[in-house]
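Please read the structure below before turning to the comments.
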Amino acid sequence: MTDSVVRDTASKSGPGASEHRSGLLALMLGALGVVYGDIGTSPLYSLQTVFRIDNGAVRPTSGDVYGVISMVFWSVTLIVSVKYVIFILRADNEGEGGVMALAALVRRVLGGVRGKAVVAMALGVFGASLFYGDSVITPAVSVLSAVEGLKVSTPAVAHLVLPIAAAILTLLFLAQRWGTHRVGKLFGPVMVVWFAAIALAGLAEVLRKPRIVLGLSPTYAGAFVLDHPYIAFIAMGAVVLAITGAEALYADMGHFGRRPIRRAWFGVVFPALTLNYLGQGALILRDPKSVANPFFLLLPGWARLPMVILATAATVIASQAVITGAFSVSRQAVRLGFLPYLRIRHTSPREIGQVYVPAVNWILFIGVLALMFGFKSSEHLATAYGVAVTGTLIITTILFLVIARAQWRWPVWRLVLIGVVIGGAEITYFAANLTKVTHGGWLPLLIAVSVFTVMKTWERGREIVTVRRNEKEGALADLVRKLRTMKVPRVPGTAVFPHPGKETTPLALRANLDHNHVLHEHVVIVSVTYDTIPHVPRDKRIAVDDLGYRDDGIVHVTIKYGFQDDQDLPAALRLAASQAKGEDGELLGIDPDHASYFLSRGTLRLTREPGMSRWRKRLFLTLANNAASPAEYFRLPEGRTVVMGTQVDV
6 MTDSVVRDTA
16 SKSGPGASEH
26 RSGLLALMLG
36 ALGVVYGDIG
46 TSPLYSLQTV
56 FRIDNGAVRP
66 TSGDVYGVIS
76 MVFWSVTLIV
86 SVKYVIFILR
96 ADNEGEGGVM
106 ALAALVRRVL
116 GGVRGKAVVA
126 MALGVFGASL
136 FYGDSVITPA
146 VSVLSAVEGL
156 KVSTPAVAHL
166 VLPIAAAILT
176 LLFLAQRWGT
186 HRVGKLFGPV
196 MVVWFAAIAL
206 AGLAEVLRKP
216 RIVLGLSPTY
226 AGAFVLDHPY
236 IAFIAMGAVV
246 LAITGAEALY
256 ADMGHFGRRP
266 IRRAWFGVVF
276 PALTLNYLGQ
286 GALILRDPKS
296 VANPFFLLLP
306 GWARLPMVIL
316 ATAATVIASQ
326 AVITGAFSVS
336 RQAVRLGFLP
346 YLRIRHTSPR
356 EIGQVYVPAV
366 NWILFIGVLA
376 LMFGFKSSEH
386 LATAYGVAVT
396 GTLIITTILF
406 LVIARAQWRW
416 PVWRLVLIGV
426 VIGGAEITYF
436 AANLTKVTHG
446 GWLPLLIAVS
456 VFTVMKTWER
466 GREIVTVRRN
476 EKEGALADLV
486 RKLRTMKVPR
496 VPGTAVFPHP
506 GKETTPLALR
516 ANLDHNHVLH
526 EHVVIVSVTY
536 DTIPHVPRDK
546 RIAVDDLGYR
556 DDGIVHVTIK
566 YGFQDDQDLP
576 AALRLAASQA
586 KGEDGELLGI
596 DPDHASYFLS
606 RGTLRLTREP
616 GMSRWRKRLF
626 LTLANNAASP
636 AEYFRLPEGR
646 TVVMGTQVDV
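Quick note, the sequence shown lines up with residues 6 to 655 if you use this note's numbering.
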């Protein structure tokens, strides 16, 4: 397993440290297109599903309609507005959001309480795994449900629904390489039109039956639950569809920042959703038959086909929220040591959180297509919805309460209030969705368990390999002292050894000494660190350490990059050589253009040593063998790069 040479040492400048430098309105527009696509299209199917669930158990009567509208409104208010937008967005980890970033923050806060920190991190990993399950299902359901609208407007092309949906998904995943800031600029205006359209459609019906606003009172939800406890419980499994996308909102925080997401929610999204749900409720009271499709029946006949087209565009955009959220979660997993190194490309010159992860993009793409062609309809896929979403909601609440107590010092009464009101609602959602497990709900759970297994296997495998590699590497300081007493032949030239730090010796350096019995005239051990700013000034990028001796030709160089800096290791060494003056000039008497690069590689060997079961060891070896190469990532010259090392038992 080749050394990663990267050490992520982001500066700790407090919550929200990542600086979003784009204009607020531009970021709000991007957030509308990327963050709110999923939750913004929920009116298409939420109420319709509620009134069709369990063969019409929820009836279009006054009591049931007011009760459902109240449940939907207060679910959105409590879970999205209060929990996520007001509270959870405050719990960022250096500007990043998502359940894994939150778990990492909890681990840092509880650093002195190891047992609790380990449990918190495990919860975060499982929450992230559930999010991956949602990331596969949401694009399939959203796009397929949109294209199925063609069956209504143009029945002659009904047989083309699956191929058309596959083509749209292909274009969507291809577009990811352009970056979320470009995708957001494209999708943002479409979603502005969407939210305006659904708000106006709802408002027109509310004006015809203004009493529907009484449904905003929580008393109607309470009465519905007391009058029909079982039916209300079943309905909760569909009401949760109104809040799908809440976790993506948090996971995408690093892409746009806290303020734009909050302002877009309270200024545009929340009012539009509320008006549309009220309008659908008013329509059902006026015409009970409209439960068949209350969203489209809100519109006059002439406007339905244009709305089908707009809804198709909006539901395609809905997939964007979970895709970009998956990118963010994947980057966090790599940095936290739960996934092997992935090629991660920053797609914006100004925003730290906007990234594209090719491997995750194409794995999601394959998974989405497999689900779509496997289930064949959005109705069948809808049965798989909810379990992953509600599971992630519960985990996020638990981790948030830990942060609120340990870091923000909230009083116990406030923690209990949040836990009972919000946590209680989320547990009810989860319990209601467990009834779907045998009808497709097993799918996101299977995906989550698979991803969780991969992440925990990689984490455990790294721990084993690190211990055994450290034993073979030994302390760098000891080797440097030993070399001063040894008569090792020195050959002309410069040898560069990428390595994570200066505590241990690069395996390639030891291998070169053991097998070739020579040492280059100049030996440079290079470590890379990252900062949370776009560009590190050239005069602050390089740090040189002589490792205790100035006359042995062995130095350690730390290269600090900003998230948008070009990560070209030879170029950085040329910069180091050109900037070296005085004593550092003597240390760095190197020729970067003719230097040889020695990558350390620990060849992993499967053994029966304790520490991990054999099948997990095989999985770890597969992951390690498919990790991205640092030679490509750091642009090392192919003709002057050598891989050396030794065997490491797993």
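Cβ coordinates follow ideal geometry from the N, Cα and C atoms, glycine included.
Which whole-angstrom value describes the C-beta separation of residue i and residue j, a residue pair presumed to lie in contact below a C-beta threshold of 8 angstroms?
i	j	result
Met258	Gly102	3 angstroms
Ser335	Val373	With 8 angstroms as the limit, Ser335 and Val373 do not qualify as a contact, their Cβ atoms being about 16 angstroms apart.
Ser532	Thr499	That pair is no contact at about 17 angstroms.
Leu246	Ser51	4 angstroms
Val346	Ala633	The amino acid occupying residue 346 in the given sequence is Tyr; Val does not appear at that position. Confirmed, about 5 angstroms.
Leu165	Met377	Incorrect: roughly 14 angstroms between the Cβ atoms, too far for contact.
Ala125	Val407	6 angstroms
Ala513	Phe603	4 angstroms
Leu398	Glu431	4 angstroms
Leu43	Val327	Leu is not the amino acid found at residue 43; the sequence shown has Asp there. Asp43 to Val327, Cβ: 6 angstroms. Contact.
Val39	Thr462	32 angstroms between Cβ atoms; not a contact.
Ala437	Met196	The Cβ separation is near 29 angstroms, so there is no contact.
Ala323	Thr46	5 angstroms
Phe300	Gln53	7 angstroms
Arg546	Lys565	5 angstroms
Just the Cα atoms here: how many angstroms apart are residue i and residue j?
i	j	result
Ala127	Val104	11 angstroms
Gly590	Pro494	Note that Gly590 has pLDDT 47, beneath the 50 cutoff, so the model's placement of it is unreliable and the number below is only indicative. Cα to Cα, the separation comes out at about 24 angstroms.
Asp556	Leu580	22 angstroms
Gly61	Pro293	12 angstroms
Phe275	Gly262	18 angstroms
Gly35	Arg309	27 angstroms
Lys487	Arg621	39 angstroms
Asp139	Ala145	10 angstroms
Gly227	Trp183	48 angstroms
Asn366	Ser150	21 angstroms
Val210	Val394	The sequence shown places Glu at residue 210, not Val. Their Cα atoms are separated by approximately 31 angstroms.
Val77	Phe435	16 angstroms
Val111	Leu420	16 angstroms
Ser222	Leu304	26 angstroms
Val560	Ile469	29 angstroms
His233	Tyr225	12 angstroms
Arg26	Leu179	At Arg26, the pLDDT of 47 sits below 50, so the modelled position is not reliable; the number obtained from the coordinates is stated separately. Rounded to whole angstroms, Arg26 to Leu179 spans 27 angstroms at the Cα level.
Glu464	Pro615	16 angstroms
Ala251	Gly466	33 angstroms
Trp307	Asn298	16 angstroms
Arg619	Val425	43 angstroms
Gln412	Asn98	13 angstroms
Val417	Val230	28 angstroms
List the DSSP bridge partners of residue i.
i	result
Ile559	Val528
Met649	Ser605
Lys565	Thr534
Phe728	Because the chain spans 6 through 655 in this model, residue 728 falls outside it and cannot be assessed.
Arg350	Tyr361
Asp550	His561
Thr510	Answer is none; Thr510 lacks a bridge partner.
Please list, in chain order, all residues of the same chain as residue i whose beta carbon is under 6 angstroms from its beta carbon, the five residues on each side excluded.
i	result
Ser333	Gly103, Ala256 and Gly259
Leu341	Ala109
Phe131	Phe457
Leu626	Leu609
Leu578	Pro597
Val648	Leu604 and Arg606
Pro575	Pro597
Return the chain-ordered list of same chain residues with a C-beta closer than 8 angstroms to the C-beta of residue i, the five sequence neighbours on each side being excluded.
i	result
Gly120	none
Ile400	Val104, Leu128, Gly129, Phe131, Gly132 and Leu135
Leu208	Leu280 and Gly284
Val244	Ser51, Val55, Val73, Met76, Val77, Ser80 and Tyr434
Glu643	Ala636
Glu588	Unreliable positioning characterises Glu588 in this predicted model, as indicated by a pLDDT of 48, which lies under 50. The coordinate reading is nonetheless provided below. The residues are Arg555.
Ala171	Leu374, Met377 and Phe378
Asn475	Thr509
CB-CB under 7 angstroms to residue i, same chain, minus the five flanking residues each way: which ones, in chain order?
i	result
Arg267	Val90 and Leu94
Ala636	Leu604 and Thr646
Report whether the distance from the Cβ of residue i to the nearest heavy atom of the ligand SAM is below 6 angstroms.
i	result
Arg95	You won't find the ligand SAM in this model; it holds no ligand whatsoever.
*Taking only runs that begin and end inside the region 69-132, name each unbroken alpha helix (DSSP H) of 4 or more residues, in chain order.*
If we require 4 residues or more, the alpha helix (DSSP H) runs fully inside the region 69-132 come out as 104-114.
_Suppose only complete runs of 3+ residues qualify. What are the beta strand (DSSP E) ranges in the region 462-507, listed by chain order?_
Listed in chain order, the complete beta strand (DSSP E) runs (minimum 3 residues) inside the region 462-507 are 495-503.
_Length-filtered (4 minimum) alpha helix (DSSP H) runs lying within the region 182-222_ = Here the runs fully enclosed are 185-213.
*At what residue ranges does the region 359-445 contain a whole run of the alpha helix (DSSP H), taking only runs of 4 or more?*
Those alpha helix (DSSP H) runs which fall completely within the region 359-445 and span 4+ residues are 363-380, 383-387, 392-411, 417-423 and 429-439.
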